[in-house]
Every structure is written in structure tokens, then in C-alpha cells.
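Numbering (the UniProt record's numbering), first residue to last: 1 to 202. Here a beta-carbon is modelled for each residue, glycine too, at the ideal position from N, C-alpha and C. The structure displayed is predicted, hence computed values, not measured ones. Following: one structure in C-alpha cells, then a few remarks.
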């Protein structure tokens, strides 16, 4: 995958938005050390697996679509899910599950692409749309959308970070925005560490 959508990291963060992972293994080519394009994940709570599959299967991530299904690895690992970015039809998505301990900062995934952020006018429009939408749920202190820089792996590129005045406001936004459509993409949300946000450690 090109640009700042490094899919293993993105996929792991999407999986974590549903609950705590027991294991996440990116399958690599033994000769080159590069990822083969799929991974195995296992949740601590068995019940989360079906929620994650329902929410993530068919999701657009950069220029790929995810296919997420139960791994055929024997009954003892029946709660493992396999993730592979391949071209498939997008099924109906139902995003459910927790997003970690609430904070004042909300991270929105699958909302923008690096290409959309390159154009200055489009970037400003996206920024204004997101601020306006989030203001419906509380006081927005700041919005950060890391933009792609040619030849640089920009941390957090492709994500949207919204800082609210309070945790309560952030929770309202999280509940309202999770699973919503933005430019025909289903939004996934997770809470983000405010200290990291202020240090711009995206």
C-alpha cells in the first residue's frame, strides 16, 4: 500500500477499536521479510470477534478493501479473525464495540484519504465539515488532520483528531459518529491519549 497508509498499523488500530487483542501476527515472506498482505488476530474476549468481523469486513482502507473472517485454524482458536486487504464487494457494515477508556480526544479512522488532503481547498473544506459536525456534540477545542508530505512517512496521516472541551462531549461524539458514513466510507472511532495529542505524537 502506498503513501502513509501502512496497512498493518492501520488494521491493528481498527481491530483495537473493538476491544483488547490477545495476539496480532502479520504474516511475512521468509525470504524478503515483507508482509504477504494478511494477518491473524485474536481477541481476549471471544464475543468481540463477530462484532469486529461485522464492522471491518469490506472496509475501504487506502486503495484496498479489507476482507475479515474467522480463521480456519482449529476449534481451540475459533475466536481468531483473519485480516487480508483484497479487492471484494463491500457488504453492509455494522460497527459496534468499545473504543478504549474515554478521553477528551477522539480519533476518527476511515474518514479521509491522503489524496483528499493534498489539495489545499479540499483540505480546508474537510476541516470545516468535521469541525461543524463535531460541534453538534460539544465544544471543540481543536482539530488536527495530519497531511501527506512527499517522501515522508507522516505519523497519523489519514486520521482525524478532534479535541473536545470535556470527556462527556467526546463520548457523545464517539457514540454519534461511529458507523456514520463520510464520503461513502464508514467511520471508525477510538479515543486518543491527550498528552500524545498535544505532543503531536500521532
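Buried or exposed: where does residue i fall if 16 or more other Cβ atoms within 10 Å of its Cβ makes it buried?
i	result
residue 91	The predicted position of residue 91 is uncertain, since its pLDDT is 29 and thus under 50; no value can be drawn from it.
residue 139	exposed
residue 151	exposed
residue 119	exposed
residue 110	buried
residue 169	buried
residue 149	exposed
residue 49	buried
residue 155	exposed
residue 146	buried
residue 57	buried
residue 128	exposed
residue 121	exposed
residue 15	buried
residue 132	exposed
residue 39	buried
residue 75	With a pLDDT of only 39 at residue 75, under the threshold of 50, the placement of this residue in the model should not be trusted, and no figure is reported.
residue 94	Low local confidence applies: a pLDDT of 30 at residue 94 is under 50, so the model's placement there is unreliable, and no value is given.
Closest by CA to residue i, which one among the options?
i	options	result
residue 183	105, 113, 53 and 164	113
residue 41	25, 160, 53 and 169	25
residue 10	135, 163, 65 and 195	65
residue 158	141, 131, 123 and 137	123
residue 153	106, 107, 202 and 198	202
residue 116	160, 21, 132 and 133	160
residue 51	19, 137 and 133	19
What is the rounded straight-line gap between the Cα of residue i and the Cα of residue j?
i	j	result
residue 78	residue 13	Because residue 78 carries a pLDDT of 48, less than 50, the predicted location of this residue cannot be relied on, and no value is offered for it.
residue 70	residue 174	27 Å
residue 172	residue 143	16 Å
residue 104	residue 165	7 Å
residue 135	residue 32	47 Å
residue 185	residue 176	15 Å
residue 44	residue 53	15 Å
residue 125	residue 180	18 Å
residue 194	residue 200	9 Å
residue 178	residue 196	22 Å
residue 99	residue 55	Any reading at residue 99 needs caution, since the residue's pLDDT is 49, under 50, leaving its predicted position unreliable; the model's value is listed next. Computed Cα separation, rounded: 13 Å.
residue 68	residue 22	17 Å
residue 137	residue 162	12 Å
residue 102	residue 59	24 Å
residue 192	residue 141	15 Å
Could you give the C-beta distance for residue i and residue j, rounded to a whole number, given that I count them as a contact under 8 Å?
i	j	result
residue 17	residue 188	5 Å
residue 190	residue 107	5 Å
Would you say the beta carbon of residue i comes nearer than 6 Å to a heavy atom of the ligand GDP?
i	result
residue 152	Questions concerning the ligand GDP fall outside what the structure shown contains, since it holds no ligand whatsoever.
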